[in-house]
Amino acid sequence: MDSRLTRRAFVIHVGAAAALLGRGVPSAAQTSPAPVPGKDKLIVRSPRPINLETPLKDLGADITPTDLFFVRNNYDGPEIDAGQYVLKVDGEVDNPLTLRLDDLKRMEQITQTITLECAGNGRSFYSPKAAGLQWENGAVGTGVWKGVRLSDVLRLARPRPGASHVVPDGNDAPPTPQAPDFIRSHPIWKAMEPHTMIALEMNGRPLPHLHGGPARLIVPGWIGSASLKWLVRLTLADKEWDGPFMQRSYRSPRVEDPTQSYSLQSLECKSLIMSPLDGAKMAAGAQMVQGYAWAGEGSVTGVDVSLDGGKTWVPAALSGAAHRYAWRRWEMPWTAAGGAHTIMARATDSLGRVQPGAKTRDPQGYRWNVIHAVRVDVA
Amino acid sequence: MPSGSMWRSPFSRALAALILGITLGWGWSWSERTGGSAGPPSLSAQAANPLPQDRDQQMVSGRCIICHSLEMIAQQRQTRAEWSVIVDRMISYGMPVGPGDRERILAYLTKHLGQ
Numbered sequence: 004m005d006s007r008l009t010r011r012a013f014v015i016h017v018g019a020a021a022a023l024l025g026r027g028v029p030s031a032a033q034t035s036p037a038p039v040p041g042k043d044k045l046i047v048r049s050p051r052p053i054n055l056e057t058p059l060k061d062l063g064a065d066i067t068p069t070d071l072f073f074v075r076n077n078y079d080g081p082e083i084d085a086g087q088y089v090l091k092v093d094g095e096v097d098n099p100l101t102l103r104l105d106d107l108k109r110m111e112q113i114t115q116t117i118t119l120e121c122a123g124n125g126r127s128f129y130s131p132k133a134a135g136l137q138w139e140n141g142a143v144g145t146g147v148w149k150g151v152r153l154s155d156v157l158r159l160a161r162p163r164p165g166a167s168h169v170v171p172d173g174n175d176a177p178p179t180p181q182a183p184d185f186i187r188s189h190p191i192w193k194a195m196e197p198h199t200m201i202a203l204e205m206n207g208r209p210l211p212h213l214h215g216g217p218a219r220l221i222v223p224g225w226i227g228s229a230s231l232k233w234l235v236r237l238t239l240a241d242k243e244w245d246g247p248f249m250q251r252s253y254r255s256p257r258v259e260d261p262t263q264s265y266s267l268q269s270l271e272c273k274s275l276i277m278s279p280l281d282g283a284k285m286a287a288g289a290q291m292v293q294g295y296a297w298a299g300e301g302s303v304t305g306v307d308v309s310l311d312g313g314k315t316w317v318p319a320a321l322s323g324a325a326h327r328y329a330w331r332r333w334e335m336p337w338t339a340a341g342g343a344h345t346i347m348a349r350a351t352d353s354l355g356r357v358q359p360g361a362k363t364r365d366p367q368g369y370r371w372n373v374i375h376a377v378r379v380d381v382a
Numbered sequence: 140m141p142s143g144s145m146w147r148s149p150f151s152r153a154l155a156a157l158i159l160g161i162t163l164g165w166g167w168s169w170s171e172r173t174g175g176s177a178g179p180p181s182l183s184a185q186a187a188n189p190l191p192q193d194r195d196q197q198m199v200s201g202r203c204i205i206c207h208s209l210e211m212i213a214q215q216r217q218t219r220a221e222w223s224v225i226v227d228r229m230i231s232y233g234m235p236v237g238p239g240d241r242e243r244i245l246a247y248l249t250k251h252l253g254q
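As you go down the protein sequences, you meet chains Y and B in turn. Here the working numbering is used: the first residue of the first sequence is 4, the next is one more, and so on. Here the working numbering is used: the first residue of the second sequence is 140, the next is one more, and so on.
Here it is in structure tokens:
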């Protein structure tokens, strides 16, 4: 199966290149790439691999509809027929497993509302520019995920005492034999945490291919790359994965010693203003400032809003449901007076983290969470 | 997922070489004939090259697009030293470069997509 799918992926990739170059590389710049079918409203950051960002104006709901949900692929994966799907569990286990989709569906199912955010969300706001996809605010979304606990699957395989890490692999493949496979490992404690899951459904439907279907990991509270798509193999290991997506990418300098780096796990404490939008022209009188806040392994404990560019701050009301690993809606009524205003929102979490007003350079542009500000004109 | 298997068979290697040849060779001759302008009108909108126009636009485009879209490059702003790291990584991933290509690619990227 591997060889066939990989060859197919290769033909798709290189075929596209041949098709484009076969008619010459045209010179007309400034034309946006065509929208991806089923994701027409999303901003195409890259058509290959597919990387799509949700416009901020479309993010203001508790649950992000699937057709608006961002897509971040390091490599594109070929579609997997649900009937052919197989998940292997091997490595440091006493009972290696081969599970089909029906086997996973017969296990106890859980349904969780969880926010996913790409580690590089907001990278475009760093100055100087960091290399990587230049996401603005919309590489984040909240889905309702149904599937099995990863811990239930791992227990079936009976991990050996030395199994300290889980190495998941997906059915995507790099476009050349020299490029590294996309693999990042997780410590066993996070893999066994009861919220960590293998998702088979998203927002009430079978998990779509673009979101990792038929089965993907959801590692809640952690940077999006932890939630591996097209999961086909789980290898228990006695050490962290040593490939470049673990040892070079998804790392930031240590605060106490910037010559050393650490592998990113939890998302930062962060909030976005989703209404009004930057540049909005508003009527004077009763208005609502509204947005969402999230905090990775922490829980949002408050959001303060400033209507005067950061001079004074007023607590917003947290509203809506509070899920362990999902963003939380916040809102604040505002009697808008005429003139120009800068509105800012600053989240605080249960780990004592507060959104900063500025951020030192992160070499790879990860986890931007500087206080979000919008400028509006009230007539 | 392991990806090496397809490259091991002689057939696959021949196929890859053929497609690469078409991509890099025939593509150039076609574009030279047409002066590098857009191809068939029905496809021109999708095929717009987001990279800045210059003498080496097509040389750079042809190397990079084998693996990923040109949009991934066009949105970057990097210093020469930073581009150097990226270009060397791409060469290590299999980007085909002839004598002098590395320097030309680096000069193009630094000139048009520098910071």
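Think of the CB as a built atom: it goes at the ideal place given N, C-alpha and C, for glycine as much as any other residue.
Provide the residue(s) that pair with residue i in DSSP beta bridges, ordered along the chain.
i	result
I117 of chain Y	Y:G146
W297 of chain Y	Y:K273
H204 of chain Y	Looking at the sequence shown, residue 204 of chain Y is not His but Glu. In the DSSP output, where bridge partners are listed per residue, E204 of chain Y has Y:K149 and Y:P209.
P261 of chain Y	Partner(s): none; P261 of chain Y has no beta bridge.
H251 of chain B	Answer by DSSP bridge pairing: none, since H251 of chain B is not bridged.
T101 of chain Y	Y:K91
G288 of chain Y	Y:A339
L107 of chain Y	Answer is none; L107 of chain Y lacks a bridge partner.
I244 of chain B	I244 of chain B is not bridged to any residue.
R75 of chain Y	Y:N54
Look at residue i and residue j and say whether their C-beta atoms are less than 8 Å apart.
i	j	result
I346 of chain Y	L310 of chain Y	yes
P36 of chain Y	Y78 of chain Y	no
W148 of chain Y	M200 of chain Y	yes
I297 of chain B	R241 of chain B	Chain B is shown only over 140 to 254; residue 297 of chain B falls outside these bounds and no answer can be derived.
A350 of chain Y	V308 of chain Y	no
T118 of chain Y	W297 of chain Y	yes
L280 of chain Y	V377 of chain Y	yes
A283 of chain Y	V169 of chain Y	no
V255 of chain Y	L267 of chain Y	Going by the sequence as given, residue 255 of chain Y is Ser instead of Val. Closer than 8 Å, so yes.
V151 of chain Y	L107 of chain Y	yes
W225 of chain Y	G299 of chain Y	yes
P336 of chain Y	A289 of chain Y	yes
G215 of chain Y	P209 of chain Y	no
Report the rounded CA-to-CA distance for residue i versus residue j, giving the unit in angstroms.
i	j	result
G237 of chain B	A166 of chain Y	46 Å
P131 of chain Y	N98 of chain Y	50 Å
W167 of chain B	L231 of chain Y	Confidence at W167 of chain B is low in this model, with a pLDDT of 34, below 50, so the placement of that residue should be treated as unreliable; the coordinate-derived value is given next. Between W167 of chain B and L231 of chain Y, the C-alpha separation is close to 38 Å.
G63 of chain Y	G141 of chain Y	11 Å
K242 of chain Y	Y265 of chain Y	15 Å
Y295 of chain Y	L190 of chain B	36 Å
S200 of chain B	Q367 of chain Y	24 Å
G146 of chain Y	T67 of chain Y	6 Å
K91 of chain Y	G313 of chain Y	52 Å
V381 of chain Y	E139 of chain Y	25 Å
A286 of chain Y	L275 of chain Y	22 Å
N206 of chain Y	R187 of chain Y	26 Å
D352 of chain Y	D43 of chain Y	35 Å
L270 of chain Y	A122 of chain Y	7 Å
R236 of chain Y	V96 of chain Y	13 Å
Q196 of chain B	L104 of chain Y	47 Å
E111 of chain Y	L153 of chain Y	11 Å
Y232 of chain B	S278 of chain Y	44 Å
G86 of chain Y	L102 of chain Y	12 Å
N188 of chain B	P50 of chain Y	13 Å
A176 of chain Y	P183 of chain Y	9 Å
I113 of chain Y	S208 of chain B	38 Å
The beta strand (DSSP E) spanning residue i covers which residue range?
i	result
R48 of chain Y	I46 to P50
M335 of chain Y	R331 to A339
M211 of chain B	From DSSP, M211 of chain B is part of no beta strand (DSSP E) but of the alpha helix (DSSP H) over E210 to A213.
I53 of chain Y	I53 to E56
A240 of chain Y	L234 to A240
I226 of chain Y	That residue, I226 of chain Y, is in no beta strand (DSSP E); it is neither H nor E in DSSP.
T69 of chain Y	Note, T69 of chain Y: premise wrong, no beta strand (DSSP E); not H, not E.
H375 of chain Y	H375 to V381
W321 of chain Y	The residue asked about is misnamed: residue 321 of chain Y is Leu in this sequence, not Trp. Counting along the chain, the beta strand (DSSP E) containing L321 of chain Y begins and ends at A320 to S322.
R163 of chain Y	No beta strand (DSSP E) contains R163 of chain Y, which DSSP labels as neither H nor E.
T172 of chain Y	Reading off the sequence, residue 172 of chain Y comes out as Asp, not Thr. First-last of the beta strand (DSSP E) with D172 of chain Y: H168 to G173.
Could you give the residue range of the alpha helix (DSSP H) that holds residue i?
i	result
V199 of chain B	Q196 to C203
R219 of chain B	R219 to S231
A85 of chain Y	Premise fails: A85 of chain Y is in no alpha helix (DSSP H) and is neither H nor E.
P247 of chain Y	P247 to Q250
A194 of chain Y	I191 to M195
At a cut-off of 7 Å, is residue i close to the ligand FMN when judged by its beta-carbon and the heavy atoms of the ligand?
i	result
V156 of chain Y	The ligand FMN is absent from the structure shown, which contains no ligand whatsoever.
Whose Cβ in chain D lies nearer than 8 Å to the Cβ of residue i?
i	result
E210 of chain B	Note that chain D does not occur in the displayed structure, where the protein chains are Y and B.
With 7 Å as the limit, tell me which residues of the region 212 to 233 of chain B have their beta carbon closer than that to any beta carbon of chain Y; keep them in chain order. Q214, Q215, R216, Q217, E221, I225, S231, Y232 and G233
According to a CB-to-CB cut-off of less than 7 Å, which residues of the region 176 to 198 of chain Y neighbour chain B? A176, P177, P178, T179, P180, Q181, A182 and D184
According to a CB-to-CB cut-off of less than 8 Å, which residues of the region 193 to 208 of chain B neighbour chain Y? Q196, Q197, S200, G201, I204, I205, C206, H207 and S208
Using a Cβ-Cβ cutoff of 7 Å, what residues of the region 101 to 131 of chain Y are near chain B? List them in chain order. P131
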